[in-house]
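Since the structure comes first, as structure tokens, the remarks are kept for the end.
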Ligand code: ASP
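Numbering (my numbering), first residue to last: 60 to 400.
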């Protein structure tokens, strides 16, 4: 028995899948059999315990329900373990990483999410390195303090702040990017931590946010978009917030029908947020005439947040607040390093 204990939470995803001989499709596999593909893990000499989702999910089926399940597993085991490694499909990994970063306030231990593009059972798998290094990062400490006390994605030699990432490639081993925030570490012969980019460890009590409201919609605009589509989105039954994915630094068409429709929706109680379609840079409402009007009618800018960070943060805020001013203040301030201040 060693001093370092890591809890491995297997949710599903390519990393643990095998080919179904009948259908030819990839399907999830048992966690204990997966571990057998990496006998080297035993040589790390950590106490590695495993928990598996039942049923396992392809990450396209992830939802707030599974994020709450993850948070509850971490909550229950928080004092027993030095760090947590989550095996997860890549497709929605950035959403899960973002959601957990907001749901686990005052996190003082590493939560490292990883997966792979090729299953562990395949000869050229990228899963072995991702998995082993994620475990090492989750176990890393300096002077008894966790080196990376935040929710991260480790993928193909790079450690990212989870809520800054997006999946940008469906077949490269290097599948993730974080354009608006630098790497937290890079692994080669050594794992080189970039300490100034990593959250400082805090001794505050872990505070959980488990009430999520997903009555939210996203509307991606494009040149030539029809009024009827905008109208349909704005009138989606039950939604409390709409995130508009705009052009460049937060710009949209200036046609009066568009601005008028948004104005009416806001006066009817809908909260509207502005996230850029660009993967780098920031929303700066008022910089151009094409965003000044949006600001004037009360649309709230998401600064340099990714769409997945904005959406999951809103779910958490909407789950807890009804006051528009409080929602706006909480949305526009950075909680987990998701906004560049
Ligand atoms: N469809 C898989 C998933 O996201 C893809 C992957 O794991 O990379 O679960």
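Quick reminder that beta carbons are idealized off the backbone N, C-alpha and C, glycines included.
All figures in this text were calculated on a predicted structure; none of them were measured in a lab.
Can you tell me the Cβ-Cβ gap for residue 234 and residue 149, rounded? I've got them flagged as a contact below 8 Å. As a first step, residue 234 must be located in the chain shown, where it is residue number 175. As a first step, residue 149 must be located in the chain shown, where it is residue number 90. Yes, they are in contact, since the Cβ atoms of residue 234 and residue 149 sit about 6 Å apart, within 8 Å.
Minimum C-alpha distance to residue 401 - residue among 249, 216, 214, 200: Lying outside 60 to 400, the shown extent of the chain, residue 401 is not represented and no answer is given.
If I measure Cβ to Cβ from residue 206 and keep anything under 7 Å in the same chain, skipping five residues before and after, which residues do I get? For the purposes of this step, residue 206 is identified with residue 147 of the chain shown, where counting begins at 1. Counting only residues of its own chain and dropping the five nearest sequence neighbours on each side, residue 206 has a CB closer than 7 Å to the CB of 199, 200, 252.
From residue 118 to residue 175, what distance separates their C-alpha atoms? What you label residue 118 is simply residue 59 of the chain shown in a count that begins at 1. What you label residue 175 is simply residue 116 of the chain shown in a count that begins at 1. Here the alpha carbon of residue 118 sits roughly 12 Å from the alpha carbon of residue 175.
Quick one: what's got a C-beta closer than 6 Å to residue 111's C-beta in the same chain, skipping five residues either side? In the chain shown, counting from the first residue as 1, residue 111 sits at position 52. Here the set comprises 69, 90.
Beta-carbon separation (whole angstroms), residue 178 vs residue 197, contact threshold 8 Å: Taking the chain shown and counting its residues from 1, the one referred to as residue 178 is at position 119. Taking the chain shown and counting its residues from 1, the one referred to as residue 197 is at position 138. Not quite, the Cβ-Cβ distance comes to about 22 Å (not below 8 Å), so this is no contact.
I'd like to confirm something about residue 117: is its beta-carbon nearer than 6 Å to some heavy atom of the ligand ASP, or not? Stepping through the chain shown from its first residue, residue 117 is reached at position 58. Yes, since a heavy atom of the ligand ASP falls inside the 6 Å radius drawn around the Cβ of residue 117.
Using 10 angstroms around the beta-carbon of residue 381, count the other beta-carbons present and answer buried if the total reaches 16, otherwise exposed. Locating residue 381 in the chain shown gives position 322, counting from the first residue. By the 10 Å Cβ count, residue 381 comes out exposed.
With contact counted as at least three CB pairs below 8 Å, one residue from each stretch, are the segment 134–153 and the segment 214–230 in contact? In short, these stretches touch, since the Cβ pair count reaches three.
In whole angstroms, what separates the C-alpha of residue 394 from that of residue 331? Here residue 394 refers to the residue found at position 335 when the chain shown is read from its first residue. Here residue 331 refers to the residue found at position 272 when the chain shown is read from its first residue. Rounded to the nearest angstrom, the two C-alpha atoms are 20 Å apart.
Under DSSP, the beta strand (DSSP E) around residue 64 begins and ends at which residues? If you number the chain shown from 1, residue 64 lands on position 5. DSSP places residue 64 inside the beta strand (DSSP E), whose first and last residues are 64–69.
Label residue 287 either buried or exposed according to how many other C-beta atoms from any shown protein chain fall within 10 Å of its C-beta, with 16 as the threshold for buried. The sequence position of residue 287 within the chain shown is 228, counting from 1. Burial is judged here by how many other beta carbons sit within 10 angstroms of a residue's own beta carbon; residue 287 has fewer than 16 and is exposed.
Neighbourhood of residue 210 by C-beta distance below 6 Å, restricted to the same chain and skipping five residues each side: For this step, residue 210 is matched to residue 151 along the chain shown. Contacts found: 156, 159, 160, 170, 221.
Pick from 375, 309, 370 that is closest to residue 358, judged by C-alpha positions: Numbered from its first residue, the chain shown carries residue 358 at position 299. Nearest C-alpha to residue 358: 309.
May I ask which residues mark the beginning and end of the beta strand (DSSP E) holding residue 220? Stepping through the chain shown from its first residue, residue 220 is reached at position 161. For residue 220, the enclosing beta strand (DSSP E) stretches over residues 217–220.
Report all residues from its chain with a CB closer than 6 Å to the CB of residue 246; omit the five preceding and five following residues, and keep chain order. Taking the first residue of the chain shown as 1, we reach residue 246 at position 187. Excluding sequence neighbours, residue 246 sits near 192, 216.
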